[in-house]
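Encoded as structure tokens, the structure appears first; notes follow it.
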Amino acid sequence: MVSATLVESLRLWLPEVILGLGAMGVVLCGALTHRRAAAAMLTAVVLFASAVLLVNAQATPPAEGFFGMIRLDPLAHVFRWLAWGVVALVVLMAWCASDVSPKWFGEYLGLLMVVGVGLMLMAEAQHLLMAYLAIELVSLTSYLLVALTRDARSSEAGLKYLLFGALSSGIMLFGMSLLFGVTGELAFPAIREALERLPSSQMRLCATAVGLVSVGLAFKISMVPFHLWTPDVYEGAPVPVTAMLSVGPKAAGFALWIRVIQMVEPVWGAIAPAVWWLTVVTMTVGNLAALSQTNVKRLLAYSTIGQVGYLLIGLSVRTAAGIEAILVYLAAYLFMNLGAFACVVAVVTDSGSESVDAFRGLARRAPVLALCCAVFLLSLAGLPPLFGFIGKFLLFGAAIQSQAVWLAVAGVVNSAIALYYYVNIIRQMYLLSPQQARPLRPAAAVQVALGVCGVATVVFGVFPSGVFAWIQGVI
Amino acid sequence: MILSGLLLIPLIGMLVVLLLPKTATRLIRLTATVSTALTLGVSLAVLRLFDPQAAGVQLETFIPWIPQLNIAYHLGVDGLSIMMVLLTTGLSFLACLASWSIPERQKEYFTLYLLLELGMLGTFLALDLFLFYVFWEIVLVPMYFLIGIWGGGRREYSAFKFFVYTLAGSLAMLLGILAIYVATHTFNMTELAQVCPTFAPGLQHLLFVAFFLGFAIKVPVFPFHTWLPDAHVDAPTPISVLLAGVLLKMGAYGFFRISYPFFPEGARWFAGAMAALGMINIVYGAFVAMAQTDFKRMVAYSSVSHMGFVLLGLSSLTPEGFNGALLQMFNHGTITGAMFLLVGVLYDRAHTRDLTAFGGLGSRLPVYAAMLTIFSLASLGLPGLSGFVSEFLSFVGAFGVQRWPTIVSVLGIVVTAAYMLTAIQRVLLGALNQRWQALPDMTPQELVTVVPLLIIVVLVGVYPLSVLRLQDPAILALLQHVGMFQ
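Here's what the structure looks like:
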């Protein structure tokens, strides 16, 4: 009986199994052969295999796996694809980035894939233990990846991330233990049932527990006031890792939070007002702080915080339309933000400088790269007809639908503020003359990443029906 | 389907320019010119197919685009948009000819130029609110680059100011669009014109203001006008022509297409404010124009003044006022477009636009002097030229309804006459400044861009019915629609 369940679960979970085993294979391959090409090729094969298995898994009906530890439903499936997309695109960027020593290349790619498994698990978790393990899997590998450059800045960033992360994990674990203490359950559906029968005298304790769990998630998605680590860590980490951090844990954090909110629905009312306010604060703080940044990684870090603020609108309203908007916006965000980071990889690899000035005159040195970069930035700014606009449109629409007009107003005002720093980079690229005339040619792998992200940002922006059809099946 | 051709030709032209090598400047210019010429040709074919007697939308195209949100690729023309489409295609072609002298980065220039034309045409053709917004926003990006890269003076500042101002306005409009969609679940403008007027008055007022912000910044209505002088002055000549000639009309067109038919209650509620703002635009714009010594800046402020007549005509809610407002949009596009071309001609030769530096050019450049005089007179509203007709109609319409704003606005005409005549005097009359002894007169290439506009200005001035008969049925229907929801 037990073995039958395990076999069945493993069959459902095959994409993650392949990705996880492949990650170890790549690490070993890198450590034994010290050949970049071998590790890279193996990574490509593993990613391809897991993609094929993910396509296969599409048709299977919603199911629980590993004795109710994980749930593989359409929602999880969307996030599995998002996680896969993050890993694949970041691997393409890491392929040529020079900031990590070639000696560690196998570990680099392998750890990225482990993060991918963790991200998928976060979205699938249906059990407090599993949720905690998934978050720790993502966090621990992220600490390593951030510090992988092994210079002072990178190590500092890794340590900072570790300290902040450990603190927030502790807080979250405390919240989970309270939740377990009150309800006596660990599985999400059981907790939900227990909460519905909960005597009102224990509601406050329960709300506290939920609040503490939320803090841990807020840390993962860089929600203000738990965002303080973000700019420093983003600045210190290798650019592809920053790219991964800016999308992967954010998406998975939202997935887990959506499930947690569904689980604690009876007591969420006590937390909701705080989340509403922090939604507005998050986007405002992120966008205002981004205005004065001169380091492009820090700028994109604050931009990420601003973008998380927009996404939180969908979480605040807690309607089907809100969740749908989150999914669409995350899909858009995957392409536009990773695309923007691919541009940063190309520019930083060429100039060695992370300053916004390094983008000066890019339009003359690399017209296609500059065009792609402009498209990503305009999409992040929310201009039609790009994918980012569609997502924002749905998010603000969901807010108005739920009578939360002022959330939409805050989002709109923030979009106007954000325009300033996005357009500033475009100004550097197109309006100023370059510091050096030498043409810039991004590496082939980065070109592929740019191409995929650019095409997706434009095509899904002009023809979003396909994405809608795919995501509407989820809810 | 013919309307899709209007959008496809610039799109294809843009893609061809993108594929051409950077160094093939001649071929790039030629492709762009042929594209704009073909678009103009198609728009003339649209005019032939257009039935002036019919009030409703014609030549409709409807293709579902995002069915989940009820968004469609929905195009059409009616009496409100037909002249705007012709204005856009005409000025785009003429300004494209004037763009041959762009000295650098031609490939990028013409790519963006054609994208701009696509966006402008789409805005006037769209009958789906979402599509309208998409085209409305598409215009921003190429315009930012066109001012920022090829402009003069503080071009970066001006381009950015333009971008931020208009985007802020359109975000207010976006909120309005979302609110409408949440309430009605449709973006079809024809349906919305039937549904939205039934909203509660309070909601109508709110939505009217949201859209007003979006349109008013584009028009621009005082106090949102400050981006205009900067952007117009620092843009290269052909882009100034399109800015003044077409972009400002997008805002005014929004009133006709969305604000008034969707929110009749809001329109009546706002009429007094509209008249007051129109008055301020006319008088304030004229006085500020009078104070300018930079020729281009003077023309830019004259735009603020002239767009005031559109607001004044709109505020009247009468057939005369509406006809005057819509005709004023067309006339301002042709007259001010030509004025910017003429300022450009002078600047190309003298490399200064300082009005006090000239004098006596009338004898040196007789052809130029004739052109400048005629268009200045048209601009100040001389009877027999087109500007007079539309300004007169706006006054006639508004006088019975908004008496005092109209009376004050008439003073604006006097001020306009004063600054326009002063400018002519400073540039053309008096003793010839010896610096300009060797200045050549207008070349045939330059004349080609201005003479068609001259013909239109005279034609509309002498026989205004040529344009009025196209727009009158649609305007009567619009007013009847507004009156129906009392």
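Chains as they are written, first to last, in our numbering: chain A, 1 to 475; chain B, 1001 to 1486. Beta carbons: idealized from backbone N, C-alpha and C, even for Gly.
Against chain A, which members of the region 1124-1152 of chain B pass a CB distance test of less than 9 Å?
Phe-1130, Tyr-1133, Val-1134, Phe-1135, Trp-1136, Glu-1137, Ile-1138, Leu-1140, Val-1141, Tyr-1144, Phe-1145, Gly-1148, Ile-1149
For Gln-1425/B and Ile-1374/B, what's the separation of their Cα atoms in angstroms?
13 Å
The alpha helix (DSSP H) that contains Trp-257/A, what's its start and end?
239-263
Can you pull the chain B neighbours of Gly-397/A, defined as C-beta to C-beta under 8 Å?
Leu-1178, Tyr-1181, Val-1182
Restricting to Cα atoms, I'd like to know which of Phe-463/A, Pro-61/A, Gln-403/A, Ile-471/A is closest to Ile-1180/B.
Comparing Cα positions, the closest option is Gln-403/A.
Helix, strand or coil for Ile-1009/B? Go by DSSP, reduced to three states.
helix
Quick one: is Phe-1222/B buried, meaning 16 or more other Cβ sit within 10 Å of its Cβ, or exposed?
buried
Kindly confirm or deny that the region 1076-1083 of chain B and the region 1108-1118 of chain B touch, where touching means at least three C-beta pairs closer than 8 Å.
no
Output the residue ranges of the beta strand (DSSP E) runs that lie fully inside the region 1269-1303 of chain B and measure 3 residues or longer, sorted by chain position.
none
Which residues share a DSSP beta bridge with Ser-355/A?
Asn-295/A
With DSSP collapsed to three states, give me the class of Ala-125/A.
strand
Taking the alpha helix (DSSP H) that Arg-80/A falls in, what are its first and last residues?
Judged by DSSP secondary structure, Arg-80/A falls within the alpha helix (DSSP H) whose first and last residues are 74-96.
Quick check: is the beta carbon of Pro-1220/B nearer than 8 Å to any beta carbon in chain A?
no
Whole-angstrom Cβ separation of Gly-236/A and Val-146/A, contact assumed at under 8 Å?
The distance from the Cβ of Gly-236/A to that of Val-146/A is about 6 Å, consistent with a contact at the 8 Å cut-off.
Runs of 4 residues minimum, wholly inside the region 1213-1240 of chain B: which ones carry the alpha helix (DSSP H) assignment?
The region 1213-1240 of chain B contains, as complete alpha helix (DSSP H) runs of 4+ residues, the segments 1227-1234 (chain order).
List the residues of chain B whose Cβ lies closer than 8 Å to the Cβ of Val-412/A, in chain order.
Neighbours of Val-412/A on chain B, chain order: Leu-1171, Ala-1172, Leu-1174, Leu-1175.
Tell me, please, which residues DSSP counts as bridged to Gly-65/A.
Ile-70/A, per the DSSP bridge assignment.
Under 8 Å, Cβ to Cβ, is there at least one residue of chain A near Glu-1391/B?
no
Could you say which of Lys-1218/B, Leu-1146/B, Phe-1163/B, Tyr-1073/B lies nearest to Met-1186/B if we only look at CA atoms?
According to the sequence as given, residue 1186/B is Thr; it is not Met. Out of Lys-1218/B, Leu-1146/B, Phe-1163/B, Tyr-1073/B, Tyr-1073/B has the C-alpha closest to the C-alpha of Thr-1186/B.
If distances are taken between C-alpha atoms only, which option among Leu-1341/B, Glu-1320/B, Ser-1316/B, Phe-1309/B comes closest to Gln-1328/B?
Phe-1309/B
Would you mind telling me which residues of chain A sit closer than 7 Å to Ala-1168/B, beta carbon to beta carbon, in chain order?
Ala-416
Starting from Thr-230/A, trace the alpha helix (DSSP H) both ways and give me its first and last residue.
229-236
Take every Cβ of the region 252-259 of chain A, pair it with every Cβ of the region 70-81 of chain A, and state whether three or more of those distances are shorter than 8 Å.
yes
Given that Phe-1163/B touches chain A, what residues does it touch there, using C-beta distances under 8 Å?
Leu-419, Val-423
For Ala-187/A, write down the residues that DSSP places opposite it in a beta bridge.
When DSSP reads this structure, Ala-187/A sits in a beta bridge with His-127/A.
Given that Ser-383/A touches chain B, what residues does it touch there, using C-beta distances under 9 Å?
According to the sequence displayed, residue 383/A carries Leu and not Ser. Going along chain B in sequence order, the residues near Leu-383/A (Cβ under 9 Å) are Glu-1137, Ile-1138, Leu-1140, Val-1141, Leu-1167.
Just list the alpha helix (DSSP H) runs in the region 115-180 of chain A, keeping only unbroken ones of 4 residues or longer that don't cross its boundaries, in chain order.
128-146
Does DSSP classify Pro-384/A as helix, strand or coil?
coil
Since Gln-307/A meets chain B, which of its residues come closer than 8 Å, beta carbon to beta carbon?
At a beta-carbon threshold of 8 Å, none of the residues of chain B lie near Gln-307/A; the nearest stands roughly 16 Å away.
Checking contacts by CB at 8 Å: is Pro-1052/B closer than that to chain A?
no
Please state the DSSP three-state secondary structure of Gly-1153/B.
coil
So who's on the other strand from Phe-1062/B, going by DSSP bridges?
Beta bridge pairing from DSSP links Phe-1062/B with His-1074/B.
Would a C-beta distance cut-off of 8 Å place Asp-1230/B and Asn-1323/B closer than the cut-off?
no
Can a CB atom of chain B be found closer than 8 Å to the CB of Ala-408/A?
Taking a beta-carbon distance threshold of 8 Å, Ala-408/A counts as an interface residue toward chain B.
Residues of chain A with a CB under 8 Å from the CB of Gln-1106/B: which are they?
Result: empty, since nearest Cβ-Cβ is about 13 Å, beyond 8 Å.
DSSP three-state call for Ala-1126/B: helix, strand or coil?
For Ala-1126/B, the secondary structure class from DSSP, reduced to helix, strand or coil, is strand.
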